[in-house]
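J.:
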Amino acid sequence: MGGKARSAEASHVLMRNWPLIFVALLIAGPARAQPHPTYWAYVANESSDIVSLVRFDGREVVEEKAISVGFHPADLDGAHGIAVSPNGTHWYVSIAHGQPYGQIWQMETGTDQFVDSALVGLFPATMSLTPDGASLFVVNFNLHGDHVPSSVSAVFTPLMEEITQIETCIMPHGSRVSNDGQRHYSTCMMSDQLVESSVMNMGVERRMILTGGKEHVIPADRSSASMDMASGEICKPTWVLLSPDDTHIYVPCNGRGDVLEIDAGSMTVLRRFPTGAGPYNADITPDGSTLVVTLKGNQAVAIFDLETGQETRIKTTQPITHGVSITPDGRFAFISNESIGATRGTVDVIDIAARQIVASTELHYQPGGLAIWKMEGGG
Numbered sequence: 028m029g030g031k032a033r034s035a036e037a038s039h040v041l042m043r044n045w046p047l048i049f050v051a052l053l054i055a056g057p058a059r060a061q062p063h064p065t066y067w068a069y070v071a072n073e074s075s076d077i078v079s080l081v082r083f084d085g086r087e088v089v090e091e092k093a094i095s096v097g098f099h100p101a102d103l104d105g106a107h108g109i110a111v112s113p114n115g116t117h118w119y120v121s122i123a124h125g126q127p128y129g130q131i132w133q134m135e136t137g138t139d140q141f142v143d144s145a146l147v148g149l150f151p152a153t154m155s156l157t158p159d160g161a162s163l164f165v166v167n168f169n170l171h172g173d174h175v176p177s178s179v180s181a182v183f184t185p186l187m188e189e190i191t192q193i194e195t196c197i198m199p200h201g202s203r204v205s206n207d208g209q210r211h212y213s214t215c216m217m218s219d220q221l222v223e224s225s226v227m228n229m230g231v232e233r234r235m236i237l238t239g240g241k242e243h244v245i246p247a248d249r250s251s252a253s254m255d256m257a258s259g260e261i262c263k264p265t266w267v268l269l270s271p272d273d274t275h276i277y278v279p280c281n282g283r284g285d286v287l288e289i290d291a292g293s294m295t296v297l298r299r300f301p302t303g304a305g306p307y308n309a310d311i312t313p314d315g316s317t318l319v320v321t322l323k324g325n326q327a328v329a330i331f332d333l334e335t336g337q338e339t340r341i342k343t344t345q346p347i348t349h350g351v352s353i354t355p356d357g358r359f360a361f362i363s364n365e366s367i368g369a370t371r372g373t374v375d376v377i378d379i380a381a382r383q384i385v386a387s388t389e390l391h392y393q394p395g396g397l398a399i400w401k402m403e404g405g406g
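Counting with my numbering, you get residues 28 to 406 for the letters of the sequence shown.
Quick look at the structure:
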């Protein structure tokens, strides 16, 4: 009899509380069923003349499409840099080798069909677009030429026409438009300079020498300033990016093994982050809290907490770690690894909070430049 009474009492309690249980299930059920966001990125494979469209679903990263680019049927054209328009409708690839001048190809996202191209300078490398997507700035790295001042090409994307070439310094690499769209920043490996240009006036406004112990602003017309190659404090900058609020500039010093944090207003060094060998590219989370730096000489990625300065080092799946692009939600960093010789390169996906690689896949030869296209789903 006791057992039956307890069973009846339990049934009564269940029926009495069923509305609360039903509401709880309604709340919890969708949370469990929510899909993980899916992310897409474009990766340029420089020694294959292929751009890979890769997809990451939160568990696995795969190459969804291999897109052939270039115009020489029997020679490599060098697909180097990648950029995606702010509205996500087009992607751009720099075709570096040229005849002799390089090109910027405009491609349609989704179909990945060629739209138009612009002729620019010698060995166009990294690119950046204004927030409205109308202007594209690409550094003319001039990899194979004499050590003379080169330039940044400004391209009007609706017509894919080069507007002008802004003379900067020797071997410019790294290109970033400020988030407010007013200024363009580039760096020059063989002049040890950070260069600030006006987007409106299409001209250099300020320059900063990056050599350790000698950092200072120099006249805007000093394009030929060169560095003392015997100095151990040479920066050899390869990249530049800004904090989301445009108050700080970050410059990886590939030759010295650190990253500079620079005040954007005064152009003075605020902090130095030691990285190890060959810091190359970098990206920052949308909230400005975390900096991710590829270490080309260490087969690794360095992740910095920008509040504390603490670094976490993560080994990548292949050597010659090159590019990095962070997803719009700040959760993941896509990393390209060139590899060596006849070994195909890879793309790794790092969970930034967990500080670990969560997915990787093999691509083609010498994957380098990459950019996130879009993120979908996830509730």
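Glycine included, each C-beta is placed from N, C-alpha and C at the ideal position.
In angstroms, rounded to a whole number, what distance separates the CA positions of L297 and T344?
T.: The residue labelled residue 297 in the question sits at position 270 within the sequence shown. The residue labelled residue 344 in the question sits at position 317 within the sequence shown. C-alpha separation (whole angstroms): 33 Å.
J.: Kindly indicate the opening and closing residues of the beta strand (DSSP E) around N364.
T.: Your numbering for residue 364 matches position 337 in the sequence shown. First-last of the beta strand (DSSP E) with N364: F359 to N364.
J.: Within 10 angstroms of its Cβ, does S224 collect 16 or more other Cβ (buried), or is it exposed?
T.: The residue given as residue 224 occupies position 197 in the sequence shown. Buried, since its Cβ has 16 or more Cβ neighbours within 10 Å.
J.: Is it true that the CB of T153 sits closer than 7 Å to the CB of G125?
T.: If you number the sequence shown from 1, residue 125 lands on position 98. If you number the sequence shown from 1, residue 153 lands on position 126. No, these two residues do not count as a Cβ contact at 7 Å.
J.: Closest to T136 by C-alpha separation, out of G405, W400 and S95, would be which residue?
T.: By 1-based counting over the sequence shown, the position of residue 136 is 109. Among G405, W400 and S95, the Cα nearest to that of T136 is on W400.
J.: Residues in the same chain with beta-carbon distance under 6 Å from A55, minus the five sequence neighbours each way, listed in chain order, please.
T.: Numbered from 1 along the sequence shown, position 28 holds the residue referred to as residue 55. For A55, the predicted model reports a pLDDT of 48, less than 50, meaning its position is unreliable and no value from the coordinates is stated.
J.: Measuring alpha carbon to alpha carbon, tell me which of A398, M229 and D375 ends up nearest V120.
T.: Taking the sequence shown and counting its residues from 1, the one referred to as residue 120 is at position 93. Per the Cα distances, A398.
J.: Sort out for me which residues DSSP pairs G230 with in a bridge.
T.: The sequence position of residue 230 within the sequence shown is 203, counting from 1. The partner list for G230 (beta bridge, DSSP) reads S225.
J.: Would you say V286 and P306 are within 7 Å of each other, going by their C-beta atoms?
T.: Taking the first residue of the sequence shown as 1, we reach residue 286 at position 259. Taking the first residue of the sequence shown as 1, we reach residue 306 at position 279. Cβ atoms of V286 and P306: closer than 7 Å.
J.: Going by DSSP, which residues form a beta bridge with E403?
T.: Translated into positions along the sequence shown, residue 403 becomes position 376. Note: E403 sits in a beta bridge opposite T65.
J.: Let me make sure I understand the geometry here. Which of T116, L156, V96 and A161 has the alpha-carbon closest to that of W132?
T.: Along the sequence shown, one-based indexing puts residue 132 at 105. Checked all of T116, L156, V96 and A161; the closest Cα to W132 is V96.
J.: Let me confirm a value: G404 is counted as buried when at least 16 other C-beta atoms fall within 10 Å, else exposed. Which label applies?
T.: Numbered from its first residue, the sequence shown carries residue 404 at position 377. Under this definition G404 is an exposed residue.
J.: Do the segment 99-107 and the segment 79-90 make contact, defined as three or more Cβ pairs closer than 8 Å?
T.: No, they do not touch.
J.: Could you check whether V78 and A68 sit closer than 7 Å to each other, using their CB atoms as the reference points?
T.: As a working mapping, residue 68 is identified with position 41 in the sequence shown. As a working mapping, residue 78 is identified with position 51 in the sequence shown. Not in contact: A68 and V78 (Cβ atoms no closer than 7 Å).
J.: So does the segment 237-247 actually touch the segment 165-176, counting three or more Cβ pairs closer than 8 Å?
T.: At 8 Å Cβ cutoff, the stretches do not touch.
J.: Taking the C-alpha atoms as reference points, what is the distance between P355 and C215?
T.: Residue mapping note: residue 355 aligns to position 328 of the sequence shown, counting from 1. Residue mapping note: residue 215 aligns to position 188 of the sequence shown, counting from 1. Distance between the alpha carbons of P355 and C215: 28 Å.
J.: Buried or exposed for M227, going by 16 or more other Cβ atoms inside 10 Å?
T.: As a working mapping, residue 227 is identified with position 200 in the sequence shown. Result: exposed.
J.: In angstroms with no decimal places, state the Cα-to-Cα distance between E91 and L80.
T.: As a working note, residue 91 is residue 64 in the sequence shown. As a working note, residue 80 is residue 53 in the sequence shown. Approximately 6 Å, taken between the alpha carbons.
J.: Buried or exposed, going by whether 16 or more other CB atoms sit within 10 Å of the CB of Q130?
T.: Working through the sequence shown from its first residue, we reach residue 130 at position 103. Looking at its Cβ environment, which holds 16 or more other Cβ atoms inside 10 Å, Q130 is buried.
J.: Near T302, what residues of its chain come up, given a Cβ to Cβ distance below 7 Å and the 5 sequence neighbours on each side ignored?
T.: Mapped onto the sequence shown, residue 302 falls at position 275. Counting only Cβ-Cβ distances below 7 Å, and skipping sequence neighbours, we find G284, D285, V286, V320, L322 and A329.
J.: Drop a sphere of 10 angstroms on the beta-carbon of T370, count the other beta-carbons inside from all chains shown, and report buried for 16 or more, exposed for fewer.
T.: Locating residue 370 in the sequence shown gives position 343, where the first residue counts as 1. Exposed: under 16 other Cβ atoms inside 10 Å.
J.: In the DSSP assignment, what residue or residues form a beta bridge with I190?
T.: Residue mapping note: residue 190 aligns to position 163 of the sequence shown, counting from 1. Paired residues: none, contrary to the question.
J.: Go ahead and pull the three-state DSSP assignment for T348.
T.: Reading the sequence shown from its first residue, position 321 is the one you call residue 348. Here T348 sits in strand by DSSP.
J.: List the whole-angstrom C-beta distance separating I367 from T348, where the pair is believed to meet the contact cut-off of C-beta under 8 Å.
T.: Walking along the sequence shown from the start, residue 367 turns up at place 340. Walking along the sequence shown from the start, residue 348 turns up at place 321. Between T348 and I367 the Cβ distance is about 12 Å, and since that is not below 8 Å, they are no contact.
J.: Between A145 and the rest of its own chain, which residues show a CB-CB distance below 7 Å, the 5 nearest in sequence each way excluded?
T.: Working through the sequence shown from its first residue, we reach residue 145 at position 118. Answer for A145: Q130, I131, V182, M187, E188 and E189, listed in chain order.
J.: Measuring alpha carbon to alpha carbon, tell me which residue in S250, T317, M235 and W118 is nearest V142.
T.: The residue given as residue 142 occupies position 115 in the sequence shown. Among S250, T317, M235 and W118, the Cα nearest to that of V142 belongs to W118.
J.: Take P246 as the anchor and find which of C196, M217 and H275 has the nearest alpha-carbon.
T.: Mapped onto the sequence shown, residue 246 falls at position 219. Of C196, M217 and H275, the residue nearest in Cα terms is C196.
J.: Please classify H275 as buried or exposed, where buried requires at least 16 other C-beta atoms within 10 Å of its C-beta.
T.: Residue numbering aside, residue 275 sits at position 248 when the sequence shown is read from its first letter. Result: buried.
J.: Please give me, in chain order, every unbroken run of the beta strand (DSSP E) with length at least 3 that falls completely inside the segment 233-300.
T.: Counting only runs of 3 or more, we get 243-245, 275-280 and 285-290.
J.: In this structure, what does DSSP give as the bridge partners for Q133?
T.: Taking the first residue of the sequence shown as 1, we reach residue 133 at position 106. Answer is Y119 and D143.
J.: Check each candidate in F300, E260 and L268 and name the one with the smallest Cα separation from G282.
T.: As a working note, residue 282 is residue 255 in the sequence shown. Of the listed residues, the one whose Cα sits closest to G282 is E260.
J.: Are the CB atoms of V204 and T157 nearer to each other than 7 Å?
T.: Taking the sequence shown and counting its residues from 1, the one referred to as residue 204 is at position 177. Taking the sequence shown and counting its residues from 1, the one referred to as residue 157 is at position 130. The answer is yes: Cβ separation under 7 Å.
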